[in-house]
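Quick note on numbering: the UniProt record's numbering labels position 221 of the sequence shown as 221, and the sequence is numbered without any gaps.
Here a beta-carbon is modelled for each residue, glycine too, at the ideal position from N, C-alpha and C.
This one's a predicted model, so the numbers in the text were calculated from it and none came from an experiment.
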Amino acid sequence: MPQKCNIKDLVDSNHQLYLFKELVITPVLLPSQILDARALNPSCAPGGNFNFAHWELQLPIGSAGSPETISSSELEGCSGYEESDYFYTDSKDGTMVMIVPGNPSSSGCVTTPNTNFCRTELREEGPTSWDPKAATNRLSAAVTVVEADNSKYGTIIGQIHMDSSVSTYPVAKLYCSSTGSLSVGVHKSISGGTEYHTSFGTIPLGTSFTYEIIYEKGVLSVSINGKAAKTISLGNLGSPLSYFKAGNYNQGSSPSEIHFSAVSIVH
């Protein structure tokens, strides 16, 4: 609760009074504290523990090039949507479990258009895109990578994607490899091309951590576990209309499993 500080007690060494009103001092929570502040209910579907008002879910099942997509309204609530193999609540700790079985060749999973890889991933909706030059655009999450895929950089657990009116490529992707190595890959052109990687250290698989992806005032930066955000150059990309994604975007041929205990967007 806010704590009141009576200014009549705040005087200098000469006992002179400078202010006459009460101050209300409100404790400030760090992003990681905010993310950890909400208890999760293992008896609810993910919609009972997470705010899906601005998300839709893309799944690795459906028909080729047209995977099942679950709307915000279907996701919301304790009795909201669950999928027993790929999207459900962990019965022990209430985390949101997101699983991908591999790639189409190894598992028969289904991809979205313009990719060869499968996903169980949230896609930002309402707004469907935003201006990176705005004052605030942030994706924050608390996540545990239980199993990463067998690709070089691993599973993508958070990303910024360019709006489809601009390009089919992402702006930035946060990866976690099978060794726990975290990196951010960026494209410096709307036509894709070389992907440049910045390392963010290593966190052992099975260990919970937080991340924050920031793309505001035309600048991209990323923070892990509440540390000072590291700025990442986007070269000549500019500031294309973008949107956030969070979840499990598998880049290999082996399964991947990601647990979220919090995820939020601020604009």
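Span separating the alpha-carbon of residue i from that of residue j
i	j	result
R138	C176	19 Å
S256	T95	16 Å
V186	P101	25 Å
F117	A64	12 Å
I157	G252	14 Å
T115	I61	15 Å
A172	S183	10 Å
K103	N150	This sequence places Asn at residue 103; Lys is not what is there. Each residue's Cα considered, the two are about 11 Å apart.
I203	I214	20 Å
P109	E121	In the sequence on display, residue 109 carries Cys and not Pro. So the alpha carbons of these two residues sit roughly 14 Å apart.
W55	P67	16 Å
S160	Y196	The residue asked about is misnamed: residue 160 is Ile in this sequence, not Ser. Distance between the alpha carbons of I160 and Y196 is about 15 Å.
G193	T112	20 Å
A148	D131	31 Å
L174	S91	27 Å
T69	K188	29 Å
Q58	R123	7 Å
Y81	T136	30 Å
N250	F87	14 Å
Residue i (DSSP reduced to helix, strand or coil)
i	result
S72	helix
P104	helix
G201	strand
P67	strand
I34	Since pLDDT at I34 reaches only 43, below the 50 mark, its modelled position is unreliable, and no value is offered.
S126	Note on identity: in this sequence residue 126 is Gly, with Ser being the wrong assignment. Here G126 sits in coil by DSSP.
P60	strand
P27	Annotation note: pLDDT 35 at P27 (below 50); position unreliable, no value reported.
Cβ-based neighbour list, residue i, same chain, cut-off 7 Å, excluding 5 preceding and 5 following
i	result
K152	none
S129	D163, L241, S242, Y243
V28	The predicted position of V28 is uncertain, since its pLDDT is 37 and thus under 50; a value taken from the coordinates is nonetheless stated next. Contacts found: none.
T168	N114
S261	L40, T95, A142, S208
D93	L40, P42
V166	I190, P240, L241
F50	M96, V263
In DSSP terms, what residue i is bridged to
i	result
P170	H161
F87	E83, M98
T155	C176
G185	K173, H197
L237	Partner(s): none; L237 has no beta bridge.
T111	C118
Span of the beta strand (DSSP E) around residue i
i	result
N248	242–249
A262	256–266
I232	230–232
L139	138–147
I214	208–216
I224	219–224
Sequence-distant residues of the same chain with beta carbon closer than 8 Å to residue i, five excluded per side
i	result
C78	N41, S43, C44, A45, G47, G48
P31	Residue placement at P31 cannot be trusted, given a pLDDT of 45 that sits under 50; the coordinates are not used to answer.
S105	S253
T231	V219, L220, S221
A134	E216, K217, H267
G206	T144, V145, V146
Residues near residue i in its chain [Cβ-Cβ closer than 6 Å; skip 5 each side]
i	result
F52	S72, L75, E76
S223	E212, A229
P170	Q159, H161
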